[in-house]
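Student: Just dropping this structure here.
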Ligand code: FAD
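In full-length UniProt numbering, the protein residues as written are 4 to 336.
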């Protein structure tokens with residue numbers, strides 16, 4: 004991922020698309036067809052495959068990652084969480100990822116069970132293969148991958164423009180609380196950062212400045228990819244912003260409140276809103292290439308409209324298109 008970002012022509016924006024593994028084989032077939040269409044039409048720089056906390060989707064995440072990386076020839080970032088996971092499963096997953104050609108891992112903590120007892124126990128406490136290695140925070144996974152695989156994997160980590168919901172001070176998220184831990188994740192070997200979703204462009208730009216000016220300097224040039232989720236419905240938006248702690252600026256909320264009884268209108272206004280967030284961020288100064296990450300929820304329409312409208316589709320690269328059309332013939336496996 005970082006090599007691809009570094010190779011972009013100056014000023015060229017890029018985007019990435021995130022998918023989760025479907026539950027059924029029919030779901031996989033449908034998603035594969037959708038992915039092929041989206042890859043051809045939108046030309047993402049890379050795609051992400053999510054991981055169920057505790058390894059609940061392990062086999063299916065690997066299956067989807069293999070489809071993306073091998074069959075479709077897309078640069079794929081596999082998400083991997085480390086709490087409530089045995090080290091044996093983590094190591095097996097990393098081995099399998101390597102076998103299927105994955106070079107990029109988003110190293111995450113995951114959400115631990117809500118028990119105070121849990122927080123200092125190694126992995127799941129029972130099936131860690133006897134290794135006894137502790138994975139309490141994402142940094143432990145970053146370190147583990149670097150120790151075991153050196154520079155083989157390009158590693159991404161998560162960041163939170165409005166602070167992680169579990170921030171230190173009760174009921175108060177605070178990006179300043181998370182910042183030193185983010186710096187440590189990067190010092191431990193992370194190569195790029197992807198952010199939590201947000202709808203307040205000003206808050207994101209403030210956060211980006213905070214990272215760029217952080218005194219240690221390790222964040223000054225690291226790729227940071229802001230995360231955006233198209234608005235699919237009013238109730239889902241309310242639920243997701245509550246869970247993630249993302250704020251909805253009053254102006255945005257008003258526009259959605261005005262149409263909240265009409266699902267199609269919510270989607271239309273949502274496309275306007277997310278496109279405006281992107282345009283505002285694009286207009287801000289940045290030394291390196293500007294990227295955007297889309298939490299697609301495996302849906303195609305809204306994200307496609309937004310990417311087209313904000314000119315995020317890169318110019319056609321004939322060789323890349325050939326790979327997507329015929330990855331096996333073109334050696335993308
Ligand atoms: P960490 O970096 O470990 O941080 C978690 C919290 O702990 C932060 O508040 C941090 O400030 C604090 N902290 C860190 N180190 C210390 C320390 N030493 N002492 C005290 N506090 C500390 N979840 C999934 O289950 N599957 C996914 O596929 C997935 N994809 C994601 C993709 C993105 C881009 C993002 C932003 C999140 C994703 N998540 C996913 C959610 C993520 O697992 C949760 O947000 C989780 O609660 C935190 O993960 P983290 O990697 O940011 O944790």
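Ideal Cβ positions, reconstructed from N, Cα and C, are used throughout, including at glycine.
Keep in mind that this is a model prediction, so the values were computed, not measured.
Starting from residue 199, follow the beta strand (DSSP E) in both directions and report where the run begins and ends.
Tutor: That run of the beta strand (DSSP E) goes 195-200.
Student: With hydrogens ignored, establish whether the beta-carbon of residue 104 is closer than 7 Å to any heavy atom of ligand 1.
Tutor: Answer for residue 104: no, Cβ out of range of ligand 1.
Student: Among residues of its own chain, excluding the 5 on either side of residue 47, which ones have a beta-carbon nearer than 6 Å to its beta-carbon?
Tutor: Counting only Cβ-Cβ distances below 6 Å, and skipping sequence neighbours, we find 18, 19, 20.
Student: Straight-line CA distance for residue 272 to residue 51?
Tutor: Spanning the two alpha carbons is a distance of roughly 26 Å.
Student: Confirm the yes/no value for this check: CB of residue 90, any heavy atom of ligand 1, distance under 7 Å.
Tutor: For ligand 1, not one heavy atom lies less than 7 Å from the Cβ of residue 90.
Student: Please classify residue 293 as buried or exposed, where buried requires at least 16 other C-beta atoms within 10 Å of its C-beta.
Tutor: By the neighbour-count rule (16 or more Cβ atoms within 10 Å), residue 293 is buried.
Student: Could you give the DSSP three-state label for residue 220: helix, strand or coil?
Tutor: Correct three-state label for residue 220: coil.
Student: Could you pull the start and end residues of the beta strand (DSSP E) that residue 189 belongs to?
Tutor: It is not in any beta strand (DSSP E) - residue 189 instead sits in the alpha helix (DSSP H) that spans 178-190.
Student: Under 8 Å between the Cβ atoms of residue 72 and residue 108?
Tutor: Contact flag unset, no.
Student: Using 8 Å as the threshold, is the region 260-279 in touch with the region 6-18, meaning 3 or more CB pairs across them?
Tutor: No: fewer than three Cβ pairs fall under 8 Å.
Student: Entirely within the region 210-286 and at least 4 residues each: give me those alpha helix (DSSP H) ranges in chain order.
Tutor: Taking only runs of at least 4 residues, the alpha helix (DSSP H) segments lying wholly in the region 210-286 are 237-247, 253-260, 266-286.
Student: Which of helix, strand or coil does DSSP assign to residue 22?
Tutor: Residue state, collapsed to three classes: strand.
Student: When we look at the beta-carbon of residue 43 and count the other beta-carbons within 10 Å, is it buried (16 or more) or exposed?
Tutor: Residue 43 should be labelled exposed.
Student: What's the gap between the Cα of residue 154 and the Cα of residue 81?
Tutor: Looking at the two C-alpha atoms, the distance is approximately 16 Å.
Student: Quick check: what's the CA-CA separation for residue 191 versus residue 149?
Tutor: Residue 191 and residue 149: Cα-Cα distance of roughly 8 Å.
Student: Is the beta carbon of residue 54 within less than 7 Å of some heavy atom of ligand 1?
Tutor: Yes, Cβ of residue 54 sits closer than 7 Å to a heavy atom of ligand 1.
Student: In whole angstroms, what separates the C-alpha of residue 27 from that of residue 287?
Tutor: If you take the alpha carbons of residue 27 and residue 287, they lie about 42 Å apart.
Student: Rounded to whole angstroms, what's the CA-CA distance from residue 181 to residue 308? Just pull it up for me.
Tutor: The alpha-carbon atoms of residue 181 and residue 308 are separated by roughly 34 Å.
Student: If we ignore side chains and look at the alpha-carbon of each, how far apart do residue 203 and residue 221 end up?
Tutor: Rounded to whole angstroms, residue 203 to residue 221 spans 25 Å at the Cα level.
Student: If we ignore side chains and look at the alpha-carbon of each, how far apart do residue 211 and residue 259 end up?
Tutor: Taking the straight line joining both Cα atoms gives about 27 Å.
Student: Over the uninterrupted alpha helix (DSSP H) stretch that includes residue 309, give me the two end residues.
Tutor: Run containing residue 309: 304-312, per the alpha helix (DSSP H) assignment.
Student: Which value, in whole angstroms, describes the spacing of the CA atoms of residue 85 and residue 141?
Tutor: If I take the Cα positions, the gap works out to 7 Å.
Student: Using the Cα positions of residue 243 and residue 270, report the straight-line distance between them to the nearest angstrom.
Tutor: Their backbone Cα atoms lie some 15 Å apart in a straight line.
Student: Tell me where the alpha helix (DSSP H) around residue 152 begins and ends.
Tutor: Unbroken alpha helix (DSSP H) run through residue 152: 141-152.
Student: Near residue 317, what residues of its chain come up, given a Cβ to Cβ distance below 6 Å and the 5 sequence neighbours on each side ignored?
Tutor: If we look at residue 317 and ignore the five residues flanking it on each side, its Cβ neighbours are 46.
Student: Within 10 Å of its beta-carbon, does residue 32 have 16 or more other beta-carbons around it, so buried, or fewer, so exposed?
Tutor: Exposed, since its Cβ has fewer than 16 Cβ neighbours within 10 Å.
Student: In chain order, what residues of the same chain have a beta carbon less than 7 Å from the beta carbon of residue 112, not counting five sequence neighbours either side?
Tutor: So the qualifying residues of the chain are 84, 85, 86, 140, 141.
Student: Compute the distance between the beta-carbons of residue 76 and residue 165, then report whether it is under 8 Å.
Tutor: Their beta carbons are not under 8 Å apart, which means residue 76 does not touch residue 165 by this criterion.
Student: For residue 1, write down the residues that DSSP places opposite it in a beta bridge.
Tutor: Any question about residue 1 goes unanswered here, given that the chain covers just 4 to 336.
Student: At a cut-off of 7 Å, would you count residue 169 as near ligand 1, judging by its Cβ distance to the nearest heavy atom?
Tutor: Under cutoff, so the answer is yes.
Student: Could you spell out the range, first to last residue, of the alpha helix (DSSP H) harbouring residue 30?
Tutor: First-last of the alpha helix (DSSP H) with residue 30: 28-45.
Student: What does the Cβ neighbour count give for residue 334, buried or exposed, with the cut at 16 atoms within 10 Å?
Tutor: Since pLDDT at residue 334 reaches only 38, below the 50 mark, its modelled position is unreliable, and the value read off the structure follows with that caveat. Residue 334 comes out exposed.
Student: Who does residue 93 pair with in a DSSP beta bridge?
Tutor: In the DSSP output, where bridge partners are listed per residue, residue 93 has none listed.
Student: Is residue 280 near ligand 1, with its Cβ less than 7 Å from a heavy atom?
Tutor: For ligand 1, not one heavy atom lies less than 7 Å from the Cβ of residue 280.
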